[in-house]
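The sequence shown begins at 186 in this note's numbering and counts up one residue at a time. Note that beta-carbon positions come from the ideal geometry of N, C-alpha and C, so glycine has one too.
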Amino acid sequence: MPLRTLRRIGTLRTATAAALLALAATLVAPLPLARAADPVTDYCAGQCADILPPGENGNATVADILANKVFGTRPAHTMDQLGPYASLADGYQNLTDSTITSFFNDSSFGVPSGQVASVASPRSDVTITRDKKTGVPHIKGTTRAGTEFGAGYAAAQDRLWLMDLFRHVGRGELSSFAGGAAANRGLEQEFWRQAPYTEADLQAQIDWLATNGGPRGQQALADAQSYIDGINAYITASKNGRYFPGEYVLTGHIDAITNAGTIDPFQLTDLIALASVVGALFGTGGGGEVQSALSLLAAQQKYGVQQGTQVWESFRERDDPEATSTVHDGTSFPYAGKPASPQGEALPDPGSVVPEPLVYDATGGATQATTRSKGVLPADLLSNPKKGMSNALVVSGAHTASGHPVAVFGPQTGYFAPQLLMLQELQGPGISARGASFAGLGMYIELGRGQDYAWSATSASQDVTDTYAVELCQDATHYLFHGQCVPMEKLERVNSWSPTVADSTPAGSYRMQVWRTAYGPVEYRATVGGKAVAYTQLRSSYRHEADSIIGFQELNDPGVVHDAASFQTAAHDINYTFNWFYADSRQTAYYNSGTNPVRAAGVDASFPVWARAAYDWQGWDPTANTATYTPPAQHPQSVDQDYYVSWNNKQAPGYTSAGFGNGSVHRADLLNSRVKALVQAGGVTRSALAKAMEDAALTDLRGEDVLPELLQVINSAPVTDPQEATAVQQLTAWRAAGAKRRAVSAGSQTYANPDAVRVMDAWWPLLIQGEFQPGLGGDLYNALAASLTIDESPSAGHGPTGSHAGSSFQYGWWSYADKDLRRVLGRPVQGALAQPYCGGGVLSACRDMLLSTLKQAAATPATTVYPGDDGGCAAGDQWCADSIVQRPLGGIGDDRIAWQNRPTFQQVVEFPAHR
């Protein structure tokens, strides 16, 4: 279905556009032609598909950018995957196996001769073949080095500007590179606070891999160097040929007339910086212990120590018995649980916690808290959301129509233009795979398929980050380390900029300063029992951003991965926190990766602990930040379970959730209920599983899993007020229709049941406050809300791209409401909250509160519920408020699409054969 452009994002000054367009109109990008590479053996037989909107091409010359702004034209393959992706929302109900490729790409290996668009050979031992439909690069090398060189060259062709952005984010230098917009500054500050690295730190991680990674580590570094050589070859060719990304002109790095200026060549340390950004976004877990301590203290202040602790623990839901778990075969995997006798806790004195300052010496534009220019990336990219996205649906062959496993899976990485991921196929000695890789880290496929197997991941976010209270000595910048008073390390980064065409923020500069200890960077200052302390944060993958490269290398090697067991071994070699899923023609499998530190006996991972040897991670070497990690057998895992679902939910019983809210209602329930029903019926097909995914993607979690209890409480007596009765009727009809947030017809941009959706959006925060704040009190209610947001509706400003981000309903108080309402209704509850809240546990009082807040919500106009934004949505436009926008990271924007709560990159696979 063709997409209509509602509004274009971003403008350029007309006079500048006209001048530059005339100068740049002749820029082209020729490459020598070569013979197309022959495909290798593909055991999927046309039954593998994938999709990655908006399009493969993420590079645009200055001529392309200006033509897009002036005439609305665009380079090929910048948006051709967005239409099929978007149209699944309207077409999924009639989906069949034969129509899957109407909504996905055929991800077979190779390119049929009639579909070859171009073949290039940037050097003699590699060819890059691009297909006509999507422009995806299919890279085939006669040598391994040539294969990796081609991968780097193709990555630079498709994502050079994006790669450059993120290597500067990883160094805390985004504003110096892309401009001083408030969002740019906010992002570099957020990142550099979490992972401050010096150039020596980045190089040390390369040296560590070379020394400790064995032959595979050395091969990985050789592959990475060949990949970088390919990137740099394209930089040289495009600069000389003047077909480099136009953003370098618009940000003042290159002069459009003289071609003066540079694009700095890439080096190995850039890949470490890039990996640190990806790891911070998607592959970490834990932290937040200071906030947990503050909410615990608030509970104890209200209820007393014993009862307050019980109340806090009930909201914490560390190991909730009603939570949907990916592993549901009866096995358990205890990790990071609550100790019977906690040791070493270092809770702050009330009122003593102060965040550590980061920004100093701001001048000029750096003093502006808001700027006219939006910035290239959202300021809260790393802190909001809390590191969780992606979903997976995998069904064992015992329950499918063909007898072979079926999988629909992929990561939710937000929506950007160009996308953070890029598609490619790699074929060379020891490498055979197709799929997606993060831009700049594409020496291997990170999520995709091999010759006879496919794999994917979801963010796991188990607790691998701890907070330590280091005792100060001598002054505020010295601390006790194992009995000695030692200085903290002062890390600094100075950024400065001048206004450009792309970013008009006035010239300015500022300095970031972080104090680093052996226990990680300082985040807060406080007192504990009257002693001055600095709270620091240490994660197990800090200073080890490159280590996962070995696991990815193994996943791409058909000589390594050939069954479920070998897949799990490869996944274990990835040190970031992910849930990994696997399917071939015979087996399915699951494995949770991450370097899970073995904590000292009695340490409670939910709270800060003293920075003393007795409470260090077991086997901890502070010089290298290595420790003893839990062995593979203790990681949640499974082979050939009847089915697997994951939407960043609980991994397995006993495996403590790192954050709040993983309880009886979770968005994974939307998948679990549908896939469970399919498995019980049997005969599952690829299309049936894809339909289950998409049906869940269009469903409001609150409407499906909490609204029935809300209505049951309300309908415990007749509703006599006309306004209340109308709202109840609207919500009842919406729930009966599936609680969907879906257009009434394709292209209508109007929801079915729009009043019910509006009422629910307005009602939820009101009912949660009315249900819990009277019992908890304002201080504790606010402290718990700081640990777990109340709501995450599609129109809220959350997710990896802020508003219009797609990903919804991951964090919220749905589980708390569900447990509390069932208790009021007299129904059984496992893992109940410590006390009743709605109406003090009295059904009639609870009902009165629900009706009064419902009446208030029903009277709230759409213009208030959906107030409009600077992205082009008018106040009251419900569909637009929910819609997904591909946030532009460069000069080319894309069309707005309807909301779906769905992976950005997604595969649909069913292998009928095996080697």
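| said: Under DSSP, the alpha helix (DSSP H) around residue 1034 begins and ends at which residues? | reply: Here the alpha helix (DSSP H) through residue 1034 covers 1028-1043.
| Sequence-distant residues of the same chain with beta carbon closer than 7 Å to residue 1005, five excluded per side | 956, 1018, 1021, 1022, 1023.
| field | Same chain, Cβ closer than 7 Å to residue 403, neighbours up to 5 away in sequence not counted | value | Once the five neighbours on either side are set aside, the close Cβ partners of residue 403 are 395.
| said: Checking the sheet assignment: what are the DSSP bridge partners for residue 658? | reply: 660
| With C-beta atoms as the reference, is residue 294 less than 8 Å away from residue 227? | yes
| query | Alpha carbon to alpha carbon, how far is residue 894 from residue 1011? | reply | 11 Å
| query | So what's residue 1058 in DSSP terms, helix, strand or just coil? | reply | Here DSSP, grouped into helix, strand and coil, assigns residue 1058 to coil.
| Are the stretch 833-841 and the stretch 491-508 touching, with three or more C-beta to C-beta distances below 8 Å? | yes
| For residue 761 and residue 584, believed in contact at Cβ under 8 Å, the rounded distance | Contact annotation, residue 584 with residue 761: C-beta distance approximately 31 Å; criterion of less than 8 Å not satisfied.
| query | In chain order, what residues of the same chain lie with their CB nearer than 6 Å to the CB of residue 435, ignoring the 5 residues before and after it? | reply | A distance below 6 Å between beta-carbons, with the five flanking residues on each side excluded, links residue 435 to the following residues of its chain, in chain order: 686, 687.
| request: With residue 724 as the anchor, note down where its beta strand (DSSP E) starts and where it stops. | output: 716-724
| message | Can you tell me which residues form a DSSP beta bridge with residue 861? | response | None, per the DSSP bridge assignment.
| message | Does residue 1065 pass the burial test, meaning 16 or more other C-beta atoms within 10 Å, or should it be called exposed? | response | Result: buried.
| query | According to the neighbour-count rule (16 or more other Cβ atoms, all chains shown, within 10 Å of its Cβ), is residue 554 buried or exposed? | reply | That one is exposed.
| task | Can you have a look at residue 1159 and say buried or exposed, based on whether 16 or more other CB atoms are within 10 angstroms of its CB? | result | Outside the shown range of the chain (186 to 1100) lies residue 1159, about which nothing can therefore be said.
| message | Could you tell me the alpha carbon to alpha carbon distance between residue 667 and residue 673, rounded to whole angstroms? | response | 14 Å
| Between residue 770 and residue 478, which are expected to be in contact by the criterion C-beta below 8 Å, what is the C-beta distance as a whole number of angstroms? | No, residue 770 and residue 478 are not in contact; Cβ-Cβ is about 50 Å, not under 8 Å.
| residue 578 by DSSP, collapsed to three states: which one? | strand
| task | Inspect the beta-carbon positions of residue 414 and residue 331 and report whether they are closer than 8 Å. | result | no
| task | Ignoring anything shorter than 4 residues or poking outside the stretch 222-298, list the alpha helix (DSSP H) runs there in chain order. | result | 247-256, 267-276
| request: Note the first and the last residue of the continuous alpha helix (DSSP H) segment covering residue 670. | output: Not the alpha helix (DSSP H): residue 670 falls in the beta strand (DSSP E), residues 669-672.
| Which residues share a DSSP beta bridge with residue 446? | Note: residue 446 sits in a beta bridge opposite 439.
| query | What is the DSSP secondary structure of residue 540, counted as helix, strand or coil? | reply | DSSP places residue 540 in the strand class (E or B) of the three-state scheme.
| request: Have a look at residue 676 and residue 390 and give me their C-alpha separation to the nearest angstrom. | output: 18 Å
| task | Name, in chain order, the residues that DSSP records as bridge partners for residue 640. | result | DSSP links residue 640 through a beta bridge to 633, 767.
| query | With a Cβ-Cβ cutoff of 8 Å, do residue 431 and residue 561 count as a contact? | reply | no
| request: Establish whether the CB of residue 726 and some CB of chain B are separated by less than 8 Å. | output: Of the chains in the structure shown, none is chain B; there is only one protein chain.
| field | Own chain residues within Cβ distance below 6 Å of residue 282, not counting five before or after | value | 870, 871, 872
| query | Between residue 256 and residue 269, is the Cβ-Cβ spacing less than 8 Å? | reply | Their beta carbons are not under 8 Å apart, which means residue 256 does not touch residue 269 by this criterion.
| message | With H, G and I counted as helix, E and B as strand and the rest as coil, what does DSSP make of residue 813? | response | In the structure shown, residue 813 sits in coil (DSSP, three-state: anything other than H, G, I, E or B).
| Considering only residues of the same chain and omitting the five flanking positions on each side of residue 529, which have a CB-CB separation below 8 Å? | 785, 787, 788, 794, 795, 797, 799, 800
| field | Close Cβ partners of residue 849 (< 6 Å) along its chain, the five nearest in sequence each way excluded | value | 507, 1000, 1003, 1004
| Sequence-distant residues of the same chain with beta carbon closer than 8 Å to residue 898, five excluded per side | 1006, 1009, 1010, 1023, 1028, 1031, 1032, 1035
| Top-ranked residue by Cα proximity to residue 603, from 424, 932, 262 | 262
| query | Among residues of its own chain, excluding the 5 on either side of residue 906, which ones have a beta-carbon nearer than 6 Å to its beta-carbon? | reply | none
| query | Buried or exposed: where does residue 356 fall if 16 or more other Cβ atoms within 10 Å of its Cβ makes it buried? | reply | Its Cβ being crowded by 16 or more others within 10 Å, residue 356 is buried.
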